[in-house]
Amino acid sequence: MKAALVGADGTLLHEARRPTGRDRGPDAVVESIAEFAADLRAHGVAHLGEPAAAAGVAVPGIVDAENGIAVYAANLGWSDVPLRDLLSTRLEGIPVALGHDVRTGGLAEGRLGAGKGADRFLFVPLGTGIAGAIGIGGTIEPGAHGSAGEIGHIVVRPGGPPCGCGQRGCLERLASASAVSKAWAEASGDPAADAADCAKAVRSGDPQALAVWQNAVDALADGLLTALTLLDPHTLIIGGGLAEAGETLFTPLRAAVAARVVEFQTLPEIVPAALGDAAGCLGAGLLAWDLLDATGQAAAPTARATTDATTTNPATPTPRR
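Those letters in the sequence shown? Residues 23 to 343, by our numbering.
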């Protein structure tokens, strides 16, 4: 879990991390989040002179943000958790906003990071899985049922490897950091090898690594082509662990997408995410500030302790979907 006290301007005033403890079961995870939030609130009182005015929490899986329910998260083992109400009770009744981890990270990238100034963008983190956040006019599109942006489950290789969603050949089974790690471990004969090792081997010119890497890049380019055809974004923001390879990823990816774009399409700018793993905390803070604005509860700034330290946002840390 990552958590922070976040100021109105997006400043991270205090950060902390704790293990999720998912090995202790779903109820323990919920309790861990609630306890973390309460401790962070207490830190604000003790060190900044003011408790948080609102809370934002970002969780993986399927999220009903409107009703404050964490509907389903396979990797945390929970379903239909009324997380907003549970946290509000633990935090003495302050308003709580609930969001999806990738969409929340996308909100931060759109307002504060690589998508700042773009009225339409797509944020795609490449981690254990792949998901997407669709940014339109300063907001993130949730979809009619809370699952917009699941680009990782676009089928790019029909009949390809089976995916946990029940399909075969999904993008995240071919181009996520975990997919590259698995492919490189098999190709190199080293079961401990991962995507970072593959990228290093690519830079050294290893032909096997180049083949594994290019397969992932081609699959990702096919998935992104579908996305840009449907959404016509100004900017494609690529984040997550695989993006840490830098130009080892971005140079061939830009070339692959450009090669697939046809005359009626406009090639968007393809850029790395700017906020790293702080995006979730910053985005959860933005959710909380937006909630205060919407309910008219935000006070006029009078001092740093009462303006910059008014948002608590525990964010569950799981590999990116």
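By construction, the Cβ of each residue, glycine as well, lies at the ideal position given by its N, Cα and C atoms.
Keeping to the same chain, check which residues put their C-beta closer than 6 Å to that of A80; ignore five residues upstream and five downstream. G121, D123, T126, G302, A306, A337
What does the alpha-carbon distance come out to for the pair G298 and P82? 17 Å
Boundaries of the alpha helix (DSSP H) in which D49 is found, first to last residue: 48-70
How would you call I292, buried or exposed, if buried means at least 16 neighbouring beta carbons within 10 angstroms? buried
Starting from I84, follow its DSSP beta bridges and name the residues at the other end. Y94
Closest to T150 by CA distance: which of S203, L258, T33 is it? S203
Outcome for S226 when other beta-carbon atoms lying within 10 angstroms are tallied against a minimum of 16: exposed
Extent of the continuous alpha helix (DSSP H) to which P274 belongs: 269-282
May I ask which residues mark the beginning and end of the alpha helix (DSSP H) holding V239? 229-253
Roughly how many whole angstroms lie between the Cα atoms of G263 and A231? 17 Å
Name the DSSP bridge partner or partners of L34? V28
Beta-carbon within less than 6 Å of P184's beta-carbon, same chain only, minus the 5 sequence neighbours each way: which residues are those? R190
With H, G and I counted as helix, E and B as strand and the rest as coil, what does DSSP make of H122? strand
Identify whether T340 lies in helix, strand or coil by the three-state DSSP scheme. Residue placement at T340 cannot be trusted, given a pLDDT of 32 that sits under 50; what the coordinates show is reported in the next sentence. Coil, per DSSP.
Do L62 and L27 have their CB atoms nearer than 8 Å? yes
With a threshold of 16 other CB atoms inside 10 Å of the CB of T257, please say whether the residue is buried or exposed. buried
Counting Cβ pairs, one atom from each stretch, are 3 or more of them under 8 Å apart for the region 236-251 and the region 195-212? yes
Reference A300, options A130, A50, V85, closest by Cα: A130
Around the C-beta of V284, are 16 or more other C-beta atoms found within 10 angstroms, so that it is buried, or is it exposed? exposed
Using a threshold of 8 Å, state whether the C-beta atoms of A221 and T273 are closer than that. no
Same chain, Cβ closer than 8 Å to H69, five either side skipped, listed in chain order: H36
Considering only C-alpha positions, which residue in the set D228, R282, L289 is nearest to P255? L289
How many angstroms separate the CA atom of L193 from the CA atom of I176? 6 Å
The beta strand (DSSP E) that contains V146, what's its start and end? 142-147
Which two residues bound the contiguous beta strand (DSSP E) that contains T257? 257-261
Go ahead and label I152 buried or exposed: buried means 16 or more other beta carbons lie within 10 angstroms of its beta carbon, across all protein chains shown. buried
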